[in-house]
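Student:
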Amino acid sequence: MRTLKNPHFLLFVALLLGIFLLPLKVALFRVEGRSMEPTLRKGEVVVALRNAPIGPSSLVVFFDPRGGEERKLVKRVAARDGEPLLRTPEGSLLPAGSLYEQGARGLLRVPRGCLFVEGDNPGFSDDSRRGWLVPRPLVVGTVKAVLFPLSRFRLIP
Numbered sequence: 537m538r539t540l541k542n543p544h545f546l547l548f549v550a551l552l553l554g555i556f557l558l559p560l561k562v563a564l565f566r567v568e569g570r571s572m573e574p575t576l577r578k579g580e581v582v583v584a585l586r587n588a589p590i591g592p593s594s595l596v597v598f599f600d601p602r603g604g605e606e607r608k609l610v611k612r613v614a615a616r617d618g619e620p621l622l623r624t625p626e627g628s629l630l631p632a633g634s635l636y637e638q639g640a641r642g643l644l645r646v647p648r649g650c651l652f653v654e655g656d657n658p659g660f661s662d663d664s665r666r667g668w669l670v671p672r673p674l675v676v677g678t679v680k681a682v683l684f685p686l687s688r689f690r691l692i693p
């Protein structure tokens, strides 16, 4: 019983638990490409919380739904399941209420269990505007912070 009151022992146990439990709650992801500029830049390392709520405009890390089983992407949630989408004359999809919806027609809804995602830099982003959606089981986590480089460290709301 004396061991349980020893602060060094308790610190050791807490560290062990943290080492083994942290990977279950947190994922680190290195940003590739320019699709999320200016919010995220190529080479930055972000922290994503697993099983965190996904709200409007959340940044999410997910496995590529087009078959890239090991390829992870990061994008902004533009519409969640049940929210309206519009189809442009060119065939692209846009969230209803989007700045780009002029000329759009055909109201659709994001299917249950899916997300419509967009990059913050449309000219460099391959995203849901091209017709693909992200099933929620492919989401790794919600981005909560930029960890590296330290000069760009910040929390993401």
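Numbering-wise (our numbering), the sequence shown opens with residue 537 and increments by one.
Cβ coordinates follow ideal geometry from the N, Cα and C atoms, glycine included.
If you're wondering where the values come from, they're calculated on a predicted model, not measured in any experiment.
1. For Ser687, count neighbouring C-beta atoms within 10 Å of its own C-beta (all shown protein chains included) and say buried if the count is 16 or more, exposed if not.
2. What's the C-alpha gap between Phe689 and Val581?
3. Three-state secondary structure (DSSP) at Phe684?
4. Determine the direct distance from the alpha carbon of His544 to that of Arg602, and round the result to whole angstroms.
5. Would you decide whether Lys578 is buried or exposed? Buried here means 16 or more other CB atoms lie within 10 Å of its CB.
6. Nearest CA to the CA of Arg607: which residue from Ala614, Arg623, Leu644, Gly569?
7. With 16 as the cutoff for other CB atoms within 10 Å, does Leu609 come out buried or exposed?
8. Quick one: what's got a C-beta closer than 6 Å to Ser571's C-beta in the same chain, skipping five residues either side?
Tutor: Walking through what the data contain:
1. Exposed, since its Cβ has fewer than 16 Cβ neighbours within 10 Å.
2. C-alpha of Phe689 to C-alpha of Val581: approximately 9 Å in a straight line.
3. Under the three-state reduction of DSSP, Phe684 is assigned to strand.
4. So the two alpha carbons sit approximately 49 Å from each other.
5. Its Cβ having fewer than 16 others within 10 Å, Lys578 is exposed.
6. Of the listed residues, the one whose Cα sits closest to Arg607 is Gly569.
7. Buried.
8. So the list reads Gly655, Asn657, Phe660, Ser661, once near-sequence residues are dropped.
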